[in-house]
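Heads up: the sequence shown begins at 1 in my numbering, then just goes up one per residue.
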Amino acid sequence: MSDRNLKVLLAARPNGAVKESDFEVVEADMPKPAGGEILLRNRFLSIDPYMRVRMNEGRSYATNLQIGDVMVGDTAAEVIESHNPDFKIGDTLVGRLGWQRYAISNGVGLRKVDPASGPLSAHLGVLGMPGVTAWYGLLQIGRPVAGETVVVAAASGAVGSVVGQIAKIHGCRVVGIAGGKMKTRHVVDELGFDAFVDHRSPNFVRELTAAVPEGVNIYFDTVGGVVLDTILTLCRPFSRIPLCGMINDYDTTQPYGVQNLYSAIANRIHLEGFIISDHAELWPQAISDLSSWIRTGILTYRETVSPGLETAPSALIGLLKGDNLGKQLVQIT
Ligand SMILES: NC(=O)c1ccc[n+]([C@@H]2O[C@H](COP(=O)([O-])OP(=O)(O)OC[C@H]3O[C@@H](n4cnc5c(N)ncnc54)[C@H](OP(=O)(O)O)[C@@H]3O)[C@@H](O)[C@H]2O)c1
Numbered sequence: 001m002s003d004r005n006l007k008v009l010l011a012a013r014p015n016g017a018v019k020e021s022d023f024e025v026v027e028a029d030m031p032k033p034a035g036g037e038i039l040l041r042n043r044f045l046s047i048d049p050y051m052r053v054r055m056n057e058g059r060s061y062a063t064n065l066q067i068g069d070v071m072v073g074d075t076a077a078e079v080i081e082s083h084n085p086d087f088k089i090g091d092t093l094v095g096r097l098g099w100q101r102y103a104i105s106n107g108v109g110l111r112k113v114d115p116a117s118g119p120l121s122a123h124l125g126v127l128g129m130p131g132v133t134a135w136y137g138l139l140q141i142g143r144p145v146a147g148e149t150v151v152v153a154a155a156s157g158a159v160g161s162v163v164g165q166i167a168k169i170h171g172c173r174v175v176g177i178a179g180g181k182m183k184t185r186h187v188v189d190e191l192g193f194d195a196f197v198d199h200r201s202p203n204f205v206r207e208l209t210a211a212v213p214e215g216v217n218i219y220f221d222t223v224g225g226v227v228l229d230t231i232l233t234l235c236r237p238f239s240r241i242p243l244c245g246m247i248n249d250y251d252t253t254q255p256y257g258v259q260n261l262y263s264a265i266a267n268r269i270h271l272e273g274f275i276i277s278d279h280a281e282l283w284p285q286a287i288s289d290l291s292s293w294i295r296t297g298i299l300t301y302r303e304t305v306s307p308g309l310e311t312a313p314s315a316l317i318g319l320l321k322g323d324n325l326g327k328q329l330v331q332i333t
């Protein structure tokens with residue numbers, strides 16, 4: 001094969017907001033699979049907020065990147081050469097293959113996807129990690145009951161858009177928090193939420209309070225910051241908060257300090273953090289539910305697709321600022 005590989009490396013650790021110069025795009029020789037290995041062509045790259053955390057020094061729930069490492073990321077890929085009897089040319093897979101055009105793997109940790117089950121890109125979004133995160137956090141931790149009020153942050157994004165729609169399927173009243181007019185309209189008009197609040201509004205606290213006149217039973221938190229702090233004052237006794245992410249604090253050197261945590265005691269709020277990769281045993285059930293909801297038309301999804309691997313840095317920078325609607329992807333080939 002005469003093609004060359006293309007990779008995006010971590011060039012520098014961001015100090016505050018990530019910028020293009022924190023990445024380096026390099027050409028490299030084609031990787032050569034050895035016995036037991038496969039060569040994969042990455043078709044789509046998933047752009048996820050956790051990538052920003054991995055660019056920092058130290059460790060969070062997983063080991064962070066070193067300078068010069070290929071940026072971490074899940075891709076949807078196809079097998080183009082196989083020396084492993086478990087994989088054949090043309091198989092489509094999802095795995096943590098990184099920000100690069102081609103990758104080799106021994107197959108461990110790869111998930112085969114059936115091309116008939118939906119577009120390949122969907123296996124990085126609604127039928128992949130973000131969709132399963134929404135399913136798990138809402139149903140296993142939030143435990144919605146029909147008639148309850150569910151508030152969803154980053155409501156037009158990959159996880160939030162699915163959370164709100166699953167809550168509607170379970171008969172809840174859903175309030176979506178998103179940034180700007182276009183996104184807030186989207187969550188009501190296209191996703192079917194009952195109400196929206198714009199977290200960029202100067203009257204955010206007043207508008208959020210007005211949107212939940214009976215208080216909050218479940219708050220699905222993906223942002224932390226002032227949104228979480230305000231919601232804590234609006235939670236009903238015995239409410240639930242799946243703590244899924246804190247994007248407010250990822251791209252800054254000044255994390256927000258939550259002030260209203262006493263409400264968790266006064267209202268006996270169940271707050272539970274989770275990392276979806278800990279729950280591999282529930283992925284098949286989650287993906288089966290999500291697929292059947294899509295088939296029956298009660299779950300819908302959007303993708304924002306950036307063209308070419310070279311655009312991956314700007315896609316991540318944009319995601320952290322809120323440029324995406326639905327799942328942010330990069331089309332590699
Ligand atoms: N625990 C897990 O296993 C797990 C798995 C997947 C994702 N997550 C977390 O879930 C969250 C969402 O991930 P995603 O992939 O679905 O991303 P996403 O929602 O598709 O994109 C991120 C969105 O966050 C919003 N945002 C950024 N800064 C904000 C702020 N300060 N306040 C409020 N909203 C802000 C932006 O939307 P607006 O324009 O609306 O502001 C942006 O579009 C992240 O925190 C991520 O780390 C956790």
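Glycine included, each C-beta is placed from N, C-alpha and C at the ideal position.
Distance check for residue j and residue i, CA to CA, integer angstroms please.
i      : j      : result
Val188 : Asp221 : 19 Å
Ala28  : Asn106 : 20 Å
Leu127 : Ile287 : 6 Å
Ile89  : Ile80  : 5 Å
Ile276 : Leu243 : 11 Å
Tyr256 : Leu191 : 30 Å
Leu93  : Leu110 : 6 Å
Ser117 : Ser291 : 8 Å
Glu207 : Asn84  : 57 Å
Pro237 : Val150 : 14 Å
Ala312 : Ser121 : 15 Å
Glu24  : Gly58  : 21 Å
Ala153 : Glu20  : 27 Å
Leu282 : Asp323 : 31 Å
Thr298 : Asp289 : It should be noted that the sequence gives Ile, not Thr, for residue 298. The alpha-carbon atoms of Ile298 and Asp289 are separated by roughly 11 Å.
Val72  : Pro213 : 42 Å
Leu45  : Ala315 : 10 Å
Arg295 : Pro284 : 16 Å
Pro115 : Pro307 : 21 Å
Arg173 : Asp91  : 41 Å
Val163 : Gly171 : 13 Å
Val226 : Pro31  : 46 Å
Glu272 : Arg4   : 45 Å
Ile265 : Ile67  : 42 Å
Gln254 : Pro144 : 34 Å
Arg200 : Gln140 : 30 Å
Ala178 : Arg101 : 33 Å
Phe87  : Ala211 : 51 Å
Gln259 : Gly36  : 54 Å
Ala134 : Ile169 : 13 Å
Should residue i and residue j be called a contact, given that it needs their Cβ atoms to be closer than 8 Å?
i      : j      : result
Glu78  : Arg43  : yes
Gly160 : Gly180 : no
Arg52  : Tyr250 : yes
Ile166 : Leu124 : no
Gly215 : Leu228 : no
Ser82  : Ile38  : yes
Lys7   : Val108 : no
Val18  : Ile317 : yes
Gly142 : Ile247 : no
Gly95  : Thr75  : yes
Ser156 : Lys183 : yes
Leu320 : Trp99  : no
Ala11  : Asp22  : yes
Pro130 : Ala158 : yes
Gly16  : Thr333 : no
Gly245 : Pro14  : no
Val186 : Leu325 : According to the sequence displayed, residue 186 carries His and not Val. In this structure, Leu325 lies closer than 8 Å to His186 by Cβ.
His279 : Tyr61  : no
Assign residue i to one of three DSSP states: helix, strand, or coil.
i      : result
Pro144 : coil
Asp221 : strand
Lys88  : coil
Ile275 : coil
Pro130 : helix
Asp289 : helix
Leu93  : strand
Val15  : A small fix is needed here, since residue 15 is Asn in this sequence, not Val. Of the three classes helix, strand and coil, the one that applies to Asn15 here is coil, per DSSP.
Lys32  : coil
Gly326 : strand
Arg268 : coil
Asp249 : helix
Tyr50  : helix
Ser156 : coil
Gly176 : strand
Leu232 : helix
Ser255 : Before going on, a small fix: residue 255 reads as Pro here, not Ser. In this structure, Pro255 counts as coil in the three-state DSSP scheme.
Tyr262 : helix
Leu309 : helix
### Message
Measuring CB atoms only, is the region 296-304 touching the region 320-330, in the sense that at least three cross pairs come out at less than 8 Å?
### Response
Contact between the region 296-304 and the region 320-330 is present: three or more C-beta pairs spanning the two stretches fall below 8 Å.
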